[in-house]
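First the structure, in the form of C-alpha cells, and then the observations on it.
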Amino acid sequence: MSTWTISTRSAAGELPVASAEATLSTDVGSPWVNLGIFALFVVVTLYFVIRASRTTKTSADFYAGGRGFSGTQNGTAIAGDYLSAASFLGVIGAVAVYGYDGFLYAVGFLVAWLLALLLVAELMRNTGKFTMADVLSFRLRQRPVRIAAAITTLAVCVFYLLPQMAGAGGLVALLIGVDSWAGQALVIAVVGALMIVYVFIGGMKGTTFVQIIKATLLILGSAVMTIWVLALFGFNFSGLLGDAATNHPDGEAILGPGLQYGADAFTRLDFVSLGFALVLGTAALPHVLIRFYTVPTAKDARKSVVVAIALIGAFYLFTLVLGYGAAALLDHETILAAPGGQNAAAPLLAYELGGTLLLGVISAVAFATILAVVAGLTITASASFAHDVYGQVIKKGQLDEKGEMRAGKITVVVVGILAILGGIGAQGQNVAFLVALAFAIAASANLPTILYSLFWKRFTTRGALWSMYGGLISALVLIAFSPVVWGRPTSFFPEGSLDLYPLTNPGLVSIPLAFFLGWLGSVTSKVAEDPAKQAEMEIRSLTGVGAEKAVDH
Amino acid sequence: MTSAHDHRGADVNYQEVQARADFRELRRTHRSFAFPMTVFFLLWYLTYVVLGSFFPQLFTIKVIGNVNLGVLYGLSNFVVVFGITAIYVWYTNARMDPKSKAIREELEAAGVGLPEEVKA
Numbered sequence: 001m002s003t004w005t006i007s008t009r010s011a012a013g014e015l016p017v018a019s020a021e022a023t024l025s026t027d028v029g030s031p032w033v034n035l036g037i038f039a040l041f042v043v044v045t046l047y048f049v050i051r052a053s054r055t056t057k058t059s060a061d062f063y064a065g066g067r068g069f070s071g072t073q074n075g076t077a078i079a080g081d082y083l084s085a086a087s088f089l090g091v092i093g094a095v096a097v098y099g100y101d102g103f104l105y106a107v108g109f110l111v112a113w114l115l116a117l118l119l120v121a122e123l124m125r126n127t128g129k130f131t132m133a134d135v136l137s138f139r140l141r142q143r144p145v146r147i148a149a150a151i152t153t154l155a156v157c158v159f160y161l162l163p164q165m166a167g168a169g170g171l172v173a174l175l176i177g178v179d180s181w182a183g184q185a186l187v188i189a190v191v192g193a194l195m196i197v198y199v200f201i202g203g204m205k206g207t208t209f210v211q212i213i214k215a216t217l218l219i220l221g222s223a224v225m226t227i228w229v230l231a232l233f234g235f236n237f238s239g240l241l242g243d244a245a246t247n248h249p250d251g252e253a254i255l256g257p258g259l260q261y262g263a264d265a266f267t268r269l270d271f272v273s274l275g276f277a278l279v280l281g282t283a284a285l286p287h288v289l290i291r292f293y294t295v296p297t298a299k300d301a302r303k304s305v306v307v308a309i310a311l312i313g314a315f316y317l318f319t320l321v322l323g324y325g326a327a328a329l330l331d332h333e334t335i336l337a338a339p340g341g342q343n344a345a346a347p348l349l350a351y352e353l354g355g356t357l358l359l360g361v362i363s364a365v366a367f368a369t370i371l372a373v374v375a376g377l378t379i380t381a382s383a384s385f386a387h388d389v390y391g392q393v394i395k396k397g398q399l400d401e402k403g404e405m406r407a408g409k410i411t412v413v414v415v416g417i418l419a420i421l422g423g424i425g426a427q428g429q430n431v432a433f434l435v436a437l438a439f440a441i442a443a444s445a446n447l448p449t450i451l452y453s454l455f456w457k458r459f460t461t462r463g464a465l466w467s468m469y470g471g472l473i474s475a476l477v478l479i480a481f482s483p484v485v486w487g488r489p490t491s492f493f494p495e496g497s498l499d500l501y502p503l504t505n506p507g508l509v510s511i512p513l514a515f516f517l518g519w520l521g522s523v524t525s526k527v528a529e530d531p532a533k534q535a536e537m538e539i540r541s542l543t544g545v546g547a548e549k550a551v552d553h
Numbered sequence: 001m002t003s004a005h006d007h008r009g010a011d012v013n014y015q016e017v018q019a020r021a022d023f024r025e026l027r028r029t030h031r032s033f034a035f036p037m038t039v040f041f042l043l044w045y046l047t048y049v050v051l052g053s054f055f056p057q058l059f060t061i062k063v064i065g066n067v068n069l070g071v072l073y074g075l076s077n078f079v080v081v082f083g084i085t086a087i088y089v090w091y092t093n094a095r096m097d098p099k100s101k102a103i104r105e106e107l108e109a110a111g112v113g114l115p116e117e118v119k120a
C-alpha cells in the first residue's frame, strides 16, 4: 500500500524503533527549534485568520470566502489543500525506500488535475453555490440527491481526515521526540483545537490563508532542498540515480518498478486500481470542489487549476529528486529504523543537508501541512452538513444567511471534536489505507454523477442515486472483505480469512460499477427529468449566466 | 411550451436558447476539445501504470546514463499535463470565451442572472 505508515507499531519491530527514537530525538535536531518554528507559523497564520474574520459576515463569506480570491491565490490554496503529508513525507519516503514505485505512485496525483481542468472546475463554478450537492441536485429531485451527495461528501471527508489526525501523532514521535501514547494524543488534541479555532473564526477565508502560507512554505522548502541535492551531484541527475543505486541494498532495482507493488499479480493489479482511483478521484474530492466557489468567475476557476497544476507538478518533480537524493545520501537502515519508518526520509535528508535549522523548517512545514489539510476538510464537511443537510433538507431552504452561518460554525466544532477523538482512537492503527479509500469513494460515488449531470441529457434522479449509493456501498463492502481487514500481518484481523476481494483498493471494480449503475438507473427510469432545468443548467454551466457573484463588502 | 422560470426574476426559455445554433456551436467547441483530450491523457497515464506494473523490465532499459525508459515515460506525463494545460488556456481564451461571453451578455441584457435583492 501507498500513503504513509503512521503507526510506530507497523514499523520494523518494537525494539529498534525505541532505540532509534532515542537516537533521533537526542542526536538529530532540536525539538525546541522544531516547535519554535511551528509556533511562528501558528502565530502568523492566526493573524491572517483573525483579520479574515472581520470580513466574514455572511454564509457566502464563511463557506466560499466571499468568492473574492484571485485565481492565483486560490490555485496556491488548492495546492496547499491537496499536498498532504502523504505527498510530502510519504512520496519522498517511498522513493527513498522503494525507488521508482514511489514515483509511479506520485504521477497519478498530478495527471488527475487535467480532469478537473477540462471537465469539472469551470462548469461546477458556474452552476453551484457552496457545495458539490448544489450542482448534482440542480436539475434532479432536490431532496434525495442532496442527501446522497452530502453522505458521500461526509464519507470522503471522514476517511481523509482520520489518517491526517492520526498522522499528527506519528509525526510528533518523529519530530519532537514525544513517543508516549498520551503525549501523541495530546498533540492530536492540540492540532484539532487549533484547526477548530482557525475554521471557526476565519471560515473559508481563514482556511484559505492557512493553505496559501503552507503551500508557499512547502514548495519553497522543497525547492531549496532539491537545488541543494542537485548541486551536491553537480546537477547531474544520472549521477544522482547512480549513487542512489550504489547506496541502496537493492542496487539498480530501485531505478525500475516493482519493489513496492511488484510482488505478484495481485499487488500489481492493486496498483493499477490505485492509479485508477487517484486519476479519477481527485476531480471529485469535495474539499477540492468547494475551493472553486471561492473565486468570482469560471475564468478564475480555470486560472486556479492552472496555477495548482504548475505548483503541484513542480512539487512532484522535486519529490523525485529528493527521494533519490535521500536514497543516495542517507543510510537505508537508518531510514527504516527511524520512528515513522520511510516517512522519516524527508526530515532526515533535511538534517543531513542543513542541520538543525533546516530540519526545524521542514518539521514545521510537515505540521502546517496536516493543519491546513484538516482545516480544508473540516470546512467542507461543515458546509455539506450545515448547507445541504440542515439548510436545504431539514429547513427546506428557509434558513437565512445568519442561520446558515451559525449552523456551519456549530458543525465545525462538532466535526473538530469528532476528528480529535477519531484521530486519538485511530492512533497506532493501520489507517493509511483510508486516504486511498477516500480517493476511490470520490471516484466511484461522486465522479460519475458529476459527469453525467453536466454532460448527459437523459440522466435522471434514479441514475444519480444508484450511482452514488452503489459507488459508495460497493467501495465500502469491497474494502471490508479485502486484505486490509483480513488475513495479513497488518490487517485488523490478521488471523481471519474473509479476504474475498484480493485487492486493497476497490476502485477497479467500484468505479466502472458506479458509471454502469448511473446509466442503468437512468435508462430504466419511468419519470423523465425536467428538460427545461437541463437546458438551464447546460446554458449556465457553459456561459456563466446567473452564476453566484462575489460578495461586495 | 412553458418557459422555464429563472429564480432571479427573468423569464427566459432556456430550451429555445439551448436549441439555437450559436449555443450548440459553443457546446461543440467545448466538447470537441475537452472529450478527446480527456481520452488521450487517460490512455497515456493508464498505459504508463499498466506497463510499469506488468512489464517492469521495459522501464529499466537505459537511455541516457542511468536515466531509463521508466523515468522518461514518468516525466512524459508531466509534459502531457503541462502541454494540455497550456493548449487549453490558449483554446478557451481564443475560441470558447468570446462565444460564451456573447450569449451571457445577451441573456443578462434580457434580465437573467441579475441579483434578486439589493445586498444589505
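If you're matching them up, the sequences are chains A and B in order.
For reference, each letter of the first sequence is one residue, going 1 to 553 in my numbering.
For reference, each letter of the second sequence is one residue, going 1 to 120 in my numbering.
Glycine included, C-beta positions come from ideal geometry on N, C-alpha and C.
Put simply, the CB of Ala116 of chain A is far from chain B, with every gap to its CB atoms at 8 Å or more. By the Cβ neighbour-count rule, Leu348 of chain A is buried, with 16 or more other Cβ atoms within 10 Å of its own.
For Asn77 of chain B, same chain residues with a beta-carbon under 8 Å away, outside a window of 5 residues either side, are Trp44, Tyr45, Tyr48 in chain order.
Judged by DSSP in its simplified three-state form, Phe493 of chain A adopts strand. Under the three-state reduction of DSSP, Asn68 of chain B is assigned to strand. Contact check between the stretch 498-512 of chain A and the stretch 433-446 of chain A: three or more CB pairs, one atom from each, fall below 8 Å, which counts as touching.
Straight across, the Cα-Cα distance linking Gly99 of chain A with Asp250 of chain A is about 9 Å.
Residue burial annotation: Asp81 of chain A is buried, with at least 16 other C-beta atoms found within 10 angstroms of its C-beta. According to DSSP, residue pairing for Trp228 of chain A in a beta bridge does not occur.
Taking a C-beta distance under 8 Å as the contact criterion, Gly463 of chain A and Ser522 of chain A qualify as a contact pair.
When C-alpha distances from Ser53 of chain B are compared across A:Leu114, A:Gly275, A:Phe48, the shortest belongs to A:Gly275. Counted as a single uninterrupted DSSP element, the stretch harbouring Asp552 of chain A is not any alpha helix (DSSP H), since DSSP gives it neither H nor E. Minimum Cα-Cα distance from Tyr47 of chain A among the listed residues A:Ala298, A:Leu317, A:Ala231, A:Ile213 corresponds to A:Ile213.
Think of a sphere of 8 Å around the beta carbon of Ala34 of chain B: the chain A residues whose beta carbon falls inside it are Leu118, Leu119, in chain order. Taking a Cβ-Cβ threshold of 8 Å, the residues of chain B close to Ala535 of chain A are Ala4, Tyr14, Gln15, Val17, Gln18, in chain order.
Sixteen is the threshold: since fewer than 16 other Cβ atoms of the shown chains lie within 10 Å of the Cβ of Ala102 of chain B, the residue is exposed. Across the structure, Gln398 of chain A and Leu542 of chain A are spaced so that their CA atoms are roughly 29 Å apart. Using a CB distance cut-off of 8 Å, Val39 of chain B does not count as an interface residue toward chain A. Here the alpha carbon of Gly66 of chain A sits roughly 14 Å from the alpha carbon of Arg51 of chain A.
Ile362 of chain A and Ala346 of chain A do touch by the CB rule: their CB atoms are close to 6 Å apart, below 8 Å. Among the residues of chain B, those whose CB is under 9 Å from the CB of Arg302 of chain A are Tyr88, Val89, Thr92, following chain order.
Chain B has no Cβ within less than 8 Å of the Cβ of Ser382 of chain A. Short of 8 Å from the beta carbon of Leu472 of chain A, and not among the five residues preceding or following it, lie these beta carbons of its own chain, in chain order: Ile151, Thr152, Ala155, Ile441, Ser444, Ala445.
Taking the C-beta atoms as reference points, Met165 of chain A is found no nearer than 8 Å to Ala337 of chain A. Approximately 7 Å separates the beta-carbon atoms of Gly408 of chain A and Ser59 of chain A; this is inside 8 Å, confirming the contact. Identification of residues in the stretch 67-89 of chain B having a C-beta nearer than 7 Å to some C-beta of chain A yields Val67, Asn68, Gly70, Gly74, Asn77, Phe78, Val81, Phe82, Ile84, Thr85, Tyr88, Val89, given in sequence order. Non-local beta-carbon contacts of Thr45 of chain A in its own chain, meaning distances under 6 Å to residues more than five positions away in sequence, involve Val210, Ile213 in chain order. For Leu43 of chain B, the closest Cβ of chain A is not nearer than 8 Å. At a cut-off of 8 Å between beta carbons, Leu255 of chain A contacts chain B. Any Cβ of chain A closer than 8 Å to the Cβ of Thr60 of chain B would place that residue at the interface, and such an atom is present. Where Lys396 of chain A is concerned, there is no enclosing alpha helix (DSSP H), because DSSP gives it neither an H nor an E.
Annotation for Arg125 of chain A: the continuous alpha helix (DSSP H) segment containing it runs 121-127. Segment contact: the stretch 371-388 of chain A against the stretch 278-289 of chain A, three or more CB-CB distances shorter than 8 Å; contact assigned. Across the set A:Thr127, A:Glu352, A:Leu269, the C-alpha of A:Thr127 shows the shortest separation from the C-alpha of Phe292 of chain A. With respect to Asn343 of chain A, Leu454 of chain A sits apart: the two C-beta atoms are not nearer than 8 Å.
Separation of Leu119 of chain A and Gly234 of chain A (C-alpha to C-alpha, rounded to the nearest whole angstrom) is 42 Å.
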